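**Q**
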Amino acid sequence: MPEIIIATESGSDLPEEIVRQYQIEVAPMHVIMNNVSYDDGHFPIDMVFDYFEETGKIPTTSAVNVQEYVDFWNDIRSRHPGCIIYHFTYSSNASSTHQHAVAARDQENFRDLYIIDTKSVSGGCTAHIEACCRILEKKRDRITDAAAAGALAEEFQALADRIECNFIPATLDYLRAGGRVSNGAYIAANVLRLKPLIEINREGFLVATKKFRGSMDKITDKFMQMFLQRHHLNHDTLYLMYGPGLSQSILDRMREIALENGFQRTVYVMTGCTISCHGGKGAIGLAGVTE
8 MPEIIIATES GSDLPEEIVR QYQIEVAPMH VIMNNVSYDD GHFPIDMVFD YFEETGKIPT
68 TSAVNVQEYV DFWNDIRSRH PGCIIYHFTY SSNASSTHQH AVAARDQENF RDLYIIDTKS
128 VSGGCTAHIE ACCRILEKKR DRITDAAAAG ALAEEFQALA DRIECNFIPA TLDYLRAGGR
188 VSNGAYIAAN VLRLKPLIEI NREGFLVATK KFRGSMDKIT DKFMQMFLQR HHLNHDTLYL
248 MYGPGLSQSI LDRMREIALE NGFQRTVYVM TGCTISCHGG KGAIGLAGVT E
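In our numbering, the protein residues as written are 8 to 298.
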């Protein structure tokens with residue numbers, strides 16, 4: 008029976024305990040500051056915030072490129088000869104990582120390599136990947152040939168349509184600096200103390216929808232209750248996304264609300280450098296798997 012490896016990119020923001028539990032391989036995306044490229048996940052995230060405060064600009068981000076994917080998978084294969092790899096990419100409509108992964112696979116004619124578009128980011132990727140890891144635990148012994156491996160890849164891909172992921176930036180400063188919010192909208196939002204809800208739709212696009220008014224501690228309950236009422240989630244696990252700098256009291260309240268609503272388990276997912284370049288400090292978010 009071949010060994011099976013789960014792989015992804017750093018933008019999935021997998022908590023370290025999940026990486027260790029399922030022995031997931033993670034390829035770094037990149038963050039560029041002052042013309043220097045840094046591997047996401049390999050430097051303090053405060054560097055992103057310090058750079059913005061010093062320059063008024065957000066760092067730029069770049070996807071894993073084709074050659075990096077080739078090297079990444081070849082390294083896995085050198086350590087796990089004959090393995091099957093299921094690689095989960097950041098949403099194909101939010102980054103070019105998926106397209107680069109497909110190009111690398113086709114260029115090198117990699118066999119037993121399956122690429123799954125999570126159609127999500129950050130905590131949404133985490134929810135998708137962990138759900139697939141649990142499926143794999145139940146079906147691993149049945150993956151004995153190419154047909155079974157391909158069928159499992161199709162099941163993994165289909166699960167992407169059952170992931171719900173929303174988040175709310177604490178500030179629009181980073182979105183404005185990146186050109187995603189106009190100056191007029193930025194000024195109006197600040198005056199009215201508005202914060203946009205960012206939803207990941209079924210195609211994997213990030214879309215601003217509803218607006219919440221007030222401080223993060225005041226909108227947490229409303230946001231969570233709205234999310235939980237709108238989506239019929241599996242109550243096994245709720246993924247609580249947060250940006251560095253969010254207060255512990257809000258983190259505690261998020262977990263409390265999850266438990267009050269019958270979730271058996273919560274997982275904190277800290278937004279990494281890639282998504283924090285756009286969301287900034289102190290964001291909150293939720294992700295889960297629908298029934």
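Beta carbons: idealized from backbone N, C-alpha and C, even for Gly. Owing to the predicted nature of the structure, the values given are computational and were not obtained by experimental measurement.
(1) Quick check: what's the CA-CA separation for K229 versus F50?
(2) Taking the continuous beta strand (DSSP E) assigned at L213, which residues delimit it?
(3) Going by C-alpha to C-alpha distance, which of T15, M277, I282, L240 sits closest to T96?
(4) Spell out a yes or no on whether the region 151-162 and the region 269-288 are touching, meaning 3 or more CB-CB pairs, one atom from each, closer than 8 Å.
(5) Applying the 10 Å Cβ sphere with the 16-neighbour rule, what's the burial state of N173?
(6) Within its chain, find whatever has a CB closer than 8 Å to the CB of D148; leave out the 5 residues flanking it on each side and keep chain order.
(7) Can you tell which of E23, G250, Y58, I264 has its C-alpha closest to the C-alpha of T133?
(8) Tell me which same chain residues have a C-beta within less than 8 Å of the C-beta of I226, skipping the five on either side of it?
(9) Alpha carbon to alpha carbon, what distance is there between E267 and I83?
(10) Would you kindly report the start and end of the unbroken alpha helix (DSSP H) that includes S283?
(11) Could you say which of M233, P251, H238, I136 lies nearest to S19 if we only look at CA atoms?
(12) Nearest to Q255 by alpha carbon, out of R27, M223, Q30?
**A** On the basis of the coordinates in this document:
(1) K229 and F50: Cα-Cα distance of roughly 34 Å.
(2) That run of the beta strand (DSSP E) goes 213-220.
(3) Minimum Cα distance to T96 is reached at T15.
(4) Taking 8 Å as the limit for Cβ pairs, the verdict is that the region 269-288 does not touch the region 151-162.
(5) Here N173 is buried, its C-beta having at least 16 other C-beta atoms within 10 Å.
(6) By the criterion of a C-beta distance shorter than 8 Å, D148 is surrounded in its chain by M8, once the five residues flanking it on both sides are discounted.
(7) For the residues E23, G250, Y58, I264, the minimum Cα distance to T133 belongs to E23.
(8) Taken in chain order, the residues that qualify are I175, K202, F219, R220.
(9) Rounded to the nearest whole angstrom, the CA to CA distance from I83 to E267 is 42 Å.
(10) Taken as a continuous stretch (DSSP letters only), the alpha helix (DSSP H) holding S283 covers 280-286.
(11) Selected option, being the one with the closest Cα: I136.
(12) Of the listed residues, the one whose Cα sits closest to Q255 is M223.
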